[in-house]
Structure formats: structure tokens, C-alpha cells
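First comes the structure, then the notes that go with it.
Residue numbers (UniProt numbering): 1 to 724.
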């Protein structure tokens with residue numbers, strides 16, 4: 001279905017008319033939303049946001065057992081490292097340290113109605129003191145602080161913005177700075193602990209190597225004393241070449257043994273780190289880039305899981321996914337650790353093979369020199385072993401000193417760029433934006449209320465909808481007429497001959513006059529509606545007054561014997577209901593001349609409703625009614641029957657069947673659409689000749705589609721001619 005410009009314009013006009021109909025509802029809804037929203041906005045407590053800026057520094061990845069000059073250079077930070085630092089800053093450990101330094105202020109006691117009643121002596125209204133677990137309270141305080149803490153990485157930089165929200169601007173700035181300082185302290189403590197573990201392991205290995213050296217020296221001295229060697233360097237019968245070869249081989253053997261010991265030490269340390277699952281130690285002890293990257297990834301996942309567990313609880317589904325990632329990363333770390341161990345093992349095999357080869361060479365040289373000076377050669381061997389043990393010991397001692405010196409040079413992973421300052425303007429609530437949003441919400445709520453009210457209105461609210469729903473001509477649209485009394489409303493067509501209502505009634509009478517049969521036959525017209533108080537009696541009187549003023553002889557019959565209103569309208573409620581009327585003509589055979597009355601103002605004749613009858617029309621009464629209408633047509637040009645409502649009553653069907661034309665009255669916005677359709681079906685079933693529908697009490701904004709109405713200037717001009 002394609003929309004045309006005419007359809008769009010129609011929808012816009014209908015919407016505008018809906019707003020005009022329910023303008024009071026729209027205004028009340030808007031004012032209500034604005035009032036409630038304004039009160040809520042004014043009751044909001046201001047919140048201040050303080051931001052401290054830090055920069056993430058690179059981490060130095062060094063092997064404590066590597067020789068000098070072979071440590072890895074400091075790697076520049078990347079996005080992954082920045083995200084890891086942000087997650088570690090936003091941790092429960094940092095929150096606990098900050099709150100220990102700056103505890104939350106005590107909340108003032110709120111004295112409510114229950115507390116006042118308790119102080120007045122009503123003990124049952126007093127609050128029961130419940131024990132508070134300090135650990136649970138501390139966890140709640142940490143959760144509240146973490147909710148107010150925001151870590152925001154700036155794009156394409158290594159800068160982090162640390163923001164804290166608090167009701168006190170000075171406290172917000174102090175908390176932001178405390179987050180930075182406490183994280184620096186915690187990070188340095190972690191790095192120092194890692195270095196201390198490596199240093200402790202080096203100390204234990206150095207002590208063992210020192211004892212090995214001392215044992216070798218003691219063994220050599222004991223051999224010297226046992227054989228009485230006083231000058232092992234003089235009087236030797238071995239040749240200088242063999243001595244030099246033995247010395248060189250022994251020196252090479254010492255170096256090979258040192259490399260073998262260093263490789264064995266690195267392998268032992270890496271195995272110990274793998275057994276303990278210490279990813280940081282694996283990073284520090286390994287030179288393999290893949291192992292270092294895997295260990296860093298494992299540390300980041302463990303930190304993220306700790307934060308997620310603190311935020312969502314230990315049973316959250318996201319933790320299971322993180323646990324799977326951590327298990328996978330641990331397996332990768334174990335595989336990479338095994339690969340690194342294999343590499344070290346190859347170095348050990350190579351060093352051990354070199355040691356074995358040098359031992360064989362040294363044995364051969366000793367055999368050659370054994371015949372010349374066996375005790376001296378043995379002593380020199382023991383001395384060389386002691387020197388080798390000393391070399392290894394000094395190497396480990398040097399590494400231990402380097403590790404200790406490195407601990408003194410540790411730097412925190414983040415550095416302060418700018419401290420947080422106390423904000424002057426609160427970040428929440430933004431009253432200007434809230435005011436604009438509140439006005440927008442109020443207007444939307446008002447529009448929604450109007451549209452819903454219009455949508456759920458039972459009756460018709462648009463002329464177009466009325467025409468589309470009812471398969472009958474819309475004869476007239478009578479606007480709503482205001483008046484202080486029923487008498488004023490009844491005289492409206494006489495007092496205001498050029499109003500919209502009078503023009504609508506005049507147009508209706510003219511249309512019915514054009515439908516009169518040829519030969520000037522009189523017209524019997526029945527007016528009915530679905531329910532009471534829909535304006536059919538007033539319409540009957542107005543039509544009679546207009547037709548009589550046009551020179552026609554008019555008779556109005558009040559056929560509603562249960563609640564006849566015609567005599568009440570015409571007598572202004574002062575004479576009471578007459579004793580004889582339409583019901584008496586039908587049931588008692590009273591003469592027509594005895595019940596006909598004349599309206600002194602409009603000049604038309606009318607027959608009141610008469611006494612109430614309790615039975616349905618009999619065939620005799622129906623024939624009598626039909627004969628009476630035939631007789632009245634000889635005296636009147638227009639006979640208007642004011643029928644009772646159709647819903648719940650059947651009298652109107654009899655009158656509608658006997659009338660030449662039937663007009664169905666539909667009250668604007670009141671008569672339900674289903675009721676209208678049901679009544680029209682009943683009228684068609686009884687054989688009534690439906691002339692069309694008249695909409696009554698229509699609002700002015702819905703009258704635009706019905707054509708011209710006179711203005712005040714036109715009425716004054718026409719009134720002059722009417723006076724002459």
C-alpha cells in the first residue's frame with residue numbers, strides 16, 4: 001500500500017484534531033511528568049569525578065642466571081600490556097589498600113518515622129540490631145569503590161585515565177591519587193618478591209658450590225700432607241709440554257664444567273618454576289620469546305579472572321570460559337617450558353660430552369706423566385678440581401650480587417603524569433541535559449496519553465472513520481451546542497438561525513425534502529439511536545422548528561412511552577407529563593385531536609408519549625398505529641417520530657418499519673462502533689428504509705470537513721434583512 005500526499009495530510013489533520021480533543025489530558029500529563037521528574041532531579045545528590053593520568057612503562061624481561069650483557073632489553077609497552085595494567089589497577093587488592101588509607105566516611109543516621117515511634121516508647125517499632133560481618137561489610141565497601149572507579153585507556157597511546165566518582169570533590173581527587181600510589185607500591189612489592197625468590201634460590205646454590213670448593217681444597221691439602229709434598233712445582237721430571245697440556249686441558253675442563261653447572265642450574269630453576277606454576281619466574285628464567293609471551297598471557301588471564309570473580313561471583317558463566325582459557329594457556333606454557341628444558345638439556349648434553357672428552361684427554365696426559373711424578377700429578381689434579389669448583393662458585397656469587405643490585409633498581413610499571421584535582425562542577429546530575437530530556441519525555445508521554453486515549457475511545461472521533469465504518473450516507477454533522485438549560489438548547493435554532501448547528505439541521509431537512517415522493521406526498525420520518533441521551537429528541541425538535549419556519553406543517557410524535565422527553569422539553573419542565581399521548585392512541589383508542597398539542601414558540605404540533613405500557617405491541621395496536629399515521633399524513637407534510645433507543649428495546653423497530661425514512665443518530669465519541677453496527681443490522685432486518693446517519697454533539701475541530709459556516713459579520717448582515 002502506497003501513501004499519497006493526501007493520505008499523509010489526512011493523518012496529520014486527524015492527529016492534530018486528536019490533540020485538540022484531548023488538550024487538557026495532554027497538558028496534565030506533561031505537567032505531571034515535568035513535576036515528578038523535576039522533583040526527582042532536584043533530589044539527586046551531586047557526584048564529582050576526579051581523574052588522574054598515568055603512563056604505562058615497559059617491563060624488563062631479564063634472566064637472573066644469564067651472563068652480563070646478555071639480558072634482554074626493555075620492551076616497549078603495547079595495547080595488550082596496557083589492558084593488563086588497567087585490569088590489575090581495577091582489582092580488589094588495590095581497592096582494599098585505598099580504603100585502608102582513606103576509609104569511607106560514616107553515614108549519618110537517618111531518623112525515619114519508625115525511629116521516631118521507637119523513641120516515643122513503641123518498642124515493637126524499634127529496629128532489631130543485626131550483627132554485621134566485618135568481612136562482608138568490607139567486601140561491600142570494596143565493591144562500591146570499584147563501581148565508582150573507571151580505568152580508561154586513551155586510544156593509540158600508553159596513557160591511562162583513572163577516574164573516581166564521589167560526593168566530595170576533594171575526596172574524589174584524593175582517592176584517584178591513592179589508587180595510583182597504592183598500585184605502584186603493590187606492583188613494586190610483587191616485583192621485589194619475585195626477585196627475592198630468585199635470589200634465595202641463587203643463595204642456596206651458591207652455598208652448595210662454596211662447600212664443594214672447600215671440600216676440594218681440603219682434599220688436595222690432605223693429599224699433600226699425606227705424601228709429604230713440599231714443593232710440587234720444583235724438581236718435576238715431567239716435560240714442560242705435558243705439564244702445559246695438562247694445565248690447558250684442566251683449564252678447559254673447568255670452563256666446560258662451569259657451563260655444565262650453569263645449564264644444570266637453569267634447568268633446575270625452570271623445573272622448579274614449572275612445578276610451582278609461577279609464570280613470573282618462567283618469564284624471568286627463560287630466554288625463549290614464545291615461552292615469555294605465553295607466561296605473560298597466563299598472568300593476564302589470571303588477573304582478569306580474579307577481577308571477574310570479584311565482580312560477578314565465583315559461579316558466573318564467564319568464569320568458566322576464563323578457566324578454560326587459563327587451562328589451555330597453562331598447557332601451552334607447560335609445552336613451551338618443556339621445549340625450553342629440551343633446549344637446555346641439549347646444552348647440558350653438549351657440555352657433558354665436552355667434559356667427558358676433556359676428562360679422557362686429561363687421563364691420557366696423566367698416564368703419560370704418571371711414570372714421572374705420580375703423586376705430583378694427582379695433587380695437581382686435585383688442585384685443578386678445587387680451582388674449577390672455585391670458578392663455578394665465583395660465577396654464581398657474581399650472579400647473586402647482580403640480582404640483589406637489580407632489586408634496588410626496580411621501578412613501578414606505571415608513572416604519574418598528572419595528579420587529580422578537585423572538580424568544581426559535579427559530573428552528575430547534569431541538570432541542563434536532564435531538563436531537556438525531561439521535557440522531551442514529558443512531551444512524548446503527553447502525546448502517548450493522547451494517542452492512547454483516542455485509540456481506546458469507544459465511539460467515532462473522525463468523520464472519515466465514521467464514513468468508512470457505516471455503509472450509509474452521512475446526512476449531517478451537528479456540532480455540540482452549549483447552553484445553561486435545556487430550554488436554551490431547544491431554542492438554539494430559533495435564537496441562532498445562522499450557526500453551524502442550524503445550518504446542519506437546515507441541510508438535513510432540505511435533503512429529506514428532496515427525497516419526498518412525486519406529487520407532494522407527506523413524509524413520515526423516524527429518528528432513533530442506539531442508546532439514550534444521544535440527541536435524537538433535540539434533533540427532532542430542531543428539524544420540526546426549521547421545517548415549520550420554512551412553511552411546512554409539522555407534527556412531532558414522542559414514541560418513547562417509557563421515558564418521554566418531548567413534553568418535558570416543550571413545557572420547560574413546569575407542567576409535568578401529560579396524562580394522554582401516543583401510547584393512549586395505540587392502546588385505548590383515544591382520538592388524535594385529544595392528544596395533539598402545539599408548541600407556542602416554534603409553531604409545530606406534537607403528540608406526547610403518554611402513559612407507560614407494559615406489553616409489546618399487539619397486531620391490533622400495530623394496525624391502529626399504521627392507520628393513525630395514514631390519517632395524520634392528510635393533515636401534515638412532515639411527521640417526525642421520536643423513537644426510543646434500539647439497545648434493549650424493540651418499539652423503535654415497529655415505528656421504523658412504518659416510517660417512510662429512518663434516520664439513525666450517532667453521538668460523537670460516545671456511541672460505541674459495535675453498538676451502531678448492531679442497531680443498523682436490526683433496522684435492516686425489520687425492513688426499515690434507512691435514509692442515513694446523523695452525527696450529533698460533534699466537536700468544532702472535527703467540523704472542518706463539513707463546509708462553510710457563517711461568521712459574526714455575515715450574521716449581522718443577514719440579521720438586518722431578516723428584521724425587514
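Heads up, the beta-carbon is just placed ideally off N, CA and C, and yes, glycines get one too.
- Under the DSSP definition of a beta bridge, residue 416 partners with 54.
- The residue among 622, 326, 34 with its C-alpha nearest the C-alpha of residue 588 is 622.
- For residue 379, the secondary structure class from DSSP, reduced to helix, strand or coil, is helix.
- At a Cβ-Cβ threshold of 9 Å, residue 33 and residue 293 do not count as neighbours.
- Close CB contacts of residue 419 within its chain, under the 7 Å cut and outside five residues either way in sequence, are with 52, 177 (chain order).
- Residue 348 sits buried, since 16 or more C-beta atoms from the chains shown fall within 10 Å of its C-beta.
- Contact between the segment 379–392 and the segment 209–217 is present, with at least three C-beta pairs closer than 8 Å.
- Rounded to whole angstroms, the separation of the alpha carbons of residue 16 and residue 611 is 48 Å.
- A Cβ-Cβ contact shorter than 9 Å links residue 679 with residue 530.
- Residue 141 sits away from residue 310, with the two beta carbons spaced by 9 Å or more.
- For the pair residue 561 and residue 644, the CB atoms are nearer than the 9 Å cut-off.
- Residue state for residue 661 is assigned as strand, using DSSP reduced to three classes.
- Excluding five sequence positions before and after residue 403, the CB atoms of its chain that fall closer than 8 Å to its own CB belong to 64, 195, 198, 199, 202, given in chain order.
- Ranked by Cα distance from residue 38, the first of 524, 429, 557, 452 is 429.
- C-alpha of residue 379 to C-alpha of residue 352: approximately 24 Å in a straight line.
- The alpha carbon of residue 342 has as its nearest neighbour, out of 267, 359, 396, 397, the alpha carbon of 267.
- By the Cβ rule, the segment 539–548 counts as touching the segment 593–608, because three or more pairs are nearer than 8 Å.
- Excluding five sequence positions before and after residue 412, the CB atoms of its chain that fall closer than 6 Å to its own CB belong to 184, 187, 188, given in chain order.
- Distance from the CA of residue 555 to the CA of residue 439, rounded to the nearest whole angstrom, comes to 59 Å.
- Separation of the CB atoms of residue 633 and residue 471 is rounded to 30 Å, and the pair is thereby denied contact status at 8 Å.
- DSSP, reduced to helix, strand and coil, places residue 132 outside both helices and strands of the structure shown, so it counts as coil.
- Here residue 250 has 384 as same chain residues with Cβ atoms under 6 Å from its own Cβ, once five neighbours each way along the sequence are excluded.
- Contact holds between the segment 89–109 and the segment 300–315, because three or more Cβ pairs, one in each stretch, are under 8 Å apart.
- Per DSSP, residue 608 lies in no beta strand (DSSP E) segment and is marked neither H nor E.
- Sorting 333, 315, 665, 631 by C-alpha distance to the C-alpha of residue 524 places 631 at the top.
- Secondary structure note for residue 537: its alpha helix (DSSP H) is the uninterrupted segment 536–549.
- The C-beta of residue 300 has 16 or more other C-beta atoms within 10 Å across all chains shown, which makes the residue buried.
- Beta-bridge analysis with DSSP links residue 150 to 163.
- For residue 592, there is no enclosing beta strand (DSSP E), as DSSP marks it with neither H nor E.
- Counting C-beta atoms within 10 angstroms of its own C-beta, residue 396 has 16 or more neighbours from the protein chains shown and is therefore classed as buried.
- When C-alpha distances from residue 689 are compared across 636, 654, 478, the shortest belongs to 654.
- When rounded, the separation of the alpha-carbon atoms in residue 103 and residue 46 is 20 Å.
- Beta-bridge pairing by DSSP links residue 638 to 523, 554.
- Distance between residue 362 and residue 260, taken at the CA atoms: about 18 Å.
- By the beta-carbon neighbour count (other beta carbons within 10 angstroms, threshold 16), residue 510 is exposed.
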